[in-house]
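S.K.: The sequence shown begins at 6 in the numbering used here and counts up one residue at a time. By construction, the Cβ of each residue, glycine as well, lies at the ideal position given by its N, Cα and C atoms. My questions all concern the structure below.
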Amino acid sequence: MQEALSSRVRIGQAKGMLAERWQVGTDEAFIALRGHARRHGFRWTGWPGR
Numbered sequence: 006m007q008e009a010l011s012s013r014v015r016i017g018q019a020k021g022m023l024a025e026r027w028q029v030g031t032d033e034a035f036i037a038l039r040g041h042a043r044r045h046g047f048r049w050t051g052w053p054g055r
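What follows is the structure, given as structure tokens:
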């Protein structure tokens with residue numbers, strides 16, 4: 006359970022960073038983040054710091 010919560014926190018932080026940098030909403034930032042992950046075969050469980 007703690008692992009899932011930590012993953013959600015990291016994803017939320019990444020969304021926030023992208024949204025601020027690109028001046029877009031967090032939904033748009035998440036779509037971009039998810040698209041990048043899918044194109045590059047990145048698994049959400051492989052975030053740095055794990």
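Classify H45 as helix, strand or coil using the three-state DSSP reduction.
M.R.: Of the three classes helix, strand and coil, the one that applies to H45 here is coil, per DSSP.
S.K.: For L23 and A42, what's the separation of their Cα atoms in angstroms?
M.R.: Distance between the alpha carbons of L23 and A42 is about 14 Å.
S.K.: Please state whether DSSP places M6 in a helix, a strand or coil.
M.R.: Coil.
S.K.: Run through DSSP, which three-state label would Q28 get?
M.R.: DSSP places Q28 in coil when its eight states are reduced to three.
S.K.: On the criterion of 16 or more Cβ atoms from any shown chain inside 10 Å, does L38 qualify as buried, or is it exposed?
M.R.: L38 comes out buried.
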